[in-house]
Structures are given as C-alpha cells and as structure tokens.
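S.K.: Using the working numbering, read the sequence shown as starting at 601 and increasing by one per residue.
Just so it is clear, CB atoms sit at the ideal spot from N, CA and C, and this is done for glycine as well.
The structure follows.
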Amino acid sequence: MAKVMVVDDEPRIRTYLHRALSGQGHVVHEAADGEAALEHLAQHHVDLVLLDLAMPRLGGLGVLSLLRQREDSPPVIVLSAVTDISARVQALDRGAVDVVGKPFSTAELTARIRRHLHQHPAPPRGENRYLEVGGVQLDLHRRRATTAAGSVSLTEREFALLAHLMRRCGDVCTREELLHDVWGLDFDPGSNVVDVCVRRLRHKLRPDPPIETVRGVGYCVYDR
Numbered sequence: 601m602a603k604v605m606v607v608d609d610e611p612r613i614r615t616y617l618h619r620a621l622s623g624q625g626h627v628v629h630e631a632a633d634g635e636a637a638l639e640h641l642a643q644h645h646v647d648l649v650l651l652d653l654a655m656p657r658l659g660g661l662g663v664l665s666l667l668r669q670r671e672d673s674p675p676v677i678v679l680s681a682v683t684d685i686s687a688r689v690q691a692l693d694r695g696a697v698d699v700v701g702k703p704f705s706t707a708e709l710t711a712r713i714r715r716h717l718h719q720h721p722a723p724p725r726g727e728n729r730y731l732e733v734g735g736v737q738l739d740l741h742r743r744r745a746t747t748a749a750g751s752v753s754l755t756e757r758e759f760a761l762l763a764h765l766m767r768r769c770g771d772v773c774t775r776e777e778l779l780h781d782v783w784g785l786d787f788d789p790g791s792n793v794v795d796v797c798v799r800r801l802r803h804k805l806r807p808d809p810p811i812e813t814v815r816g817v818g819y820c821v822y823d824r
C-alpha cells in the first residue's frame with residue numbers, strides 16, 4: 601500500500617483515479633491545483649505524485665521546479681493532454697520520472713505506478729539519509745550522488761543500482777539479484793542491461809569507481 605497524490609484541476613479525473621487507485625489498496629490524496637498540492641506536501645508524506653501540467657494558479661512545471669528545491673520530494677509522474685513535446689521534455693528535465701499522455705490506459709498507468717514505486721522505495725524506517733562508500737556519497741532523499749570531484753548526474757536506474765550495491769557493501773550481488781531488485785525483472789541469461797548500467801556508472805564515477813566485477817557472478821562495491 602502506498603500514499604499517492606493526484607493533482608489535477610478536473611474533478612472527474614481526480615475522482616476516477618481516486619477510485620481506481622483506492623481499489624488497488626493505495627491511500628489517495630487529491631489537490632485541484634499546484635498551490636494546494638505543495639501545501640499538502642509540506643505537511644504530509646506521499647510516496648508518489650500524479651501531476652497534471654496545465655492547471656490554474658500554479659501549473660505542473662512550476663510545481664516540479666519547486667519540488668526540486670525540497671530535501672525530500674516524492675517521484676512525480678506527469679499526466680498531460682499537452683501535445684507539445686517541448687513541454688514534456690521540460691517536465692522530465694525538471695525531475696518528473698515519467699510522462700503519460702491523456703487520455704491514458706488505466707492498466708498502463710497503474711503498471712507504471714507499480715514500477716516507479718518499486719524503483720523509488722522510501723528509505724526504510726531508521727535508515728540514514730546518506731550512504732557513503734568508497735568515496736561516493738548518496739543522498740537518498742534528494743537522490744543525488746557526490747564524489748570528491750563534485751556532483752555526479754545519475755539516471756534514476758543508475759542511482760537505484762548504485763544504492764543497492766552500496767547498501768550491500770562488501771557483498772557480491774549477482775546479476776540475477778540486481779535484475780530482479782533494481783529492474784523488477786525475472787532473470788534473463790541473455791540480457792546485458794546490468795552490465796551496461798554498471799559500465800555507465802564506472803564511467804561517471806571516474807577516476808576510481810568503487811565497483812568490482814566478480815567474474816561469472818556479478819558485482820561488488822568496496823570501501824577503500
């Protein structure tokens with residue numbers, strides 16, 4: 601069960617999504633505009649936000665910009681009838697994890713919600729905000745990575761993979777485990793998505809990335 605916030609100025613869409621998500625066991629909160637959403641988020645925790653772009657008072661892009669300034673902002677899926685591709689790109693650039701066009705398929709939207717809730721779990725109760733291993737620091741709230749060279753830009757998948765490895769510092773994580781826990785997929789011996797993602801991480805964490813390959817098994821992060 602997750603807490604999901606629906607931010608849309610159309611009451612029928614809020615009501616429809618409320619019913620659909622409540623039926624799947626989620627706790628649903630509603631807001632009719634960006635200002636009301638930010639006011640609620642300032643006082644209450646939610647696990648994921650469904651956000652319309654075109655709204656009165658404060659639109660979706662403005663909400664995304666302000667959420668980026670917060671230390672603990674939830675993942676945001678943008679729902680939009682806006683066909684202008686530049687607006688969708690701006691939404692992603694400002695931190696949205698996904699953009700879904702209106703009208704949308706409920707089955708597809710709920711599948712995307714499940715995927716993003718799996719990829720962006722809230723830090724376990726009592727877990728520190730920061731992970732620091734091998735000269736790399738992760739801010740689990742703001743989802744930022746830092747090394748001695750400065751801030752490192754990571755995709756959501758790269759961040760999730762690195763966080764998983766750092767939590768298991770010193771342990772060997774198999775490709776099967778990583779594919780299941782980070783990608784939410786069953787193991788495919790022919791897939792190289794884990795290796796490709798690790799390669800990108802090593803490139804971004806140069807000159808001394810703390811990720812070792814255990815040949816024939818998987819990967820391990822070590823503390824120097």
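With 16 as the cutoff for other CB atoms within 10 Å, does residue 657 come out buried or exposed?
M.R.: Flag for residue 657 reads exposed.
S.K.: Around the C-beta of residue 650, are 16 or more other C-beta atoms found within 10 angstroms, so that it is buried, or is it exposed?
M.R.: Per the 10 Å Cβ criterion, buried.
S.K.: By Cβ distance below 6 Å, which residues in the same chain neighbour residue 752 in space, the five residues on each side in sequence not counted?
M.R.: Correct list, in chain order: 745 and 804.
S.K.: Go to residue 825, then tell me how far its alpha helix (DSSP H) extends in each direction, as first and last residue.
M.R.: Any answer about residue 825 is impossible in this case: the structure gives the chain only from 601 up to 824.
S.K.: In whole angstroms, give me the CA-to-CA distance for residue 818 and residue 791.
M.R.: Using only the alpha carbons, I get a separation of about 13 Å.
S.K.: Going by DSSP, which residues form a beta bridge with residue 745?
M.R.: BP columns for residue 745 point to 738 and 752.
S.K.: How about residue 797 and residue 757: do their beta carbons lie closer than 8 Å?
M.R.: Closer than 8 Å, so yes.
S.K.: Grouping DSSP H, G and I as helix and E and B as strand, with all else coil, what is residue 689?
M.R.: Helix.
S.K.: Look at the alpha carbon of residue 821 and the alpha carbon of residue 674, and state the distance between them as a whole number of angstroms.
M.R.: Residue 821 and residue 674: Cα-Cα distance of roughly 27 Å.
S.K.: Which residues mark the beginning and the end of the beta strand (DSSP E) in which residue 805 is found?
M.R.: Per DSSP, residue 805 belongs to no beta strand (DSSP E) and is neither H nor E.
S.K.: Pick helix, strand or coil for residue 696, following the three-state DSSP scheme.
M.R.: Three-state DSSP puts residue 696 in coil, outside helix and strand.
S.K.: Per the contact definition of three or more C-beta pairs closer than 8 Å, is the region 684-696 in contact with the region 710-722?
M.R.: Taking 8 Å as the limit for Cβ pairs, the verdict is that the region 684-696 does not touch the region 710-722.
S.K.: Please classify residue 647 as buried or exposed, where buried requires at least 16 neighbouring CB atoms within 10 angstroms.
M.R.: Residue 647 comes out buried.
S.K.: For the alpha helix (DSSP H) that contains residue 645, what are its first and last residues?
M.R.: That residue, residue 645, is in no alpha helix (DSSP H); it is neither H nor E in DSSP.
S.K.: Taking 8 Å as the threshold (C-beta atoms), are residue 652 and residue 608 in contact?
M.R.: Closer than 8 Å, so yes.
S.K.: In whole angstroms, what separates the C-alpha of residue 782 from that of residue 760?
M.R.: If you take the alpha carbons of residue 782 and residue 760, they lie about 6 Å apart.
S.K.: What's the call for residue 601, buried or exposed, on a 16-neighbour Cβ count within 10 Å?
M.R.: Burial call: exposed.
S.K.: Note the first and the last residue of the continuous beta strand (DSSP E) segment covering residue 629.
M.R.: Run containing residue 629: 627-631, per the beta strand (DSSP E) assignment.
S.K.: Please work out which residues of its chain come closer than 6 Å, Cβ to Cβ, to residue 632, disregarding the five sequence neighbours upstream and downstream, and give them in chain order.
M.R.: Result list for residue 632: 609, in chain order.
S.K.: Pick helix, strand or coil for residue 605, following the three-state DSSP scheme.
M.R.: Here residue 605 sits in strand by DSSP.
S.K.: Which one of 642, 635 and 784 has the shortest CA to CA distance from residue 654?
M.R.: That would be 635, whose Cα lies nearest to the Cα of residue 654.
S.K.: So which of 780, 625, 737 and 742 has the shortest CA-CA distance to residue 666?
M.R.: Nearest C-alpha to residue 666: 742.
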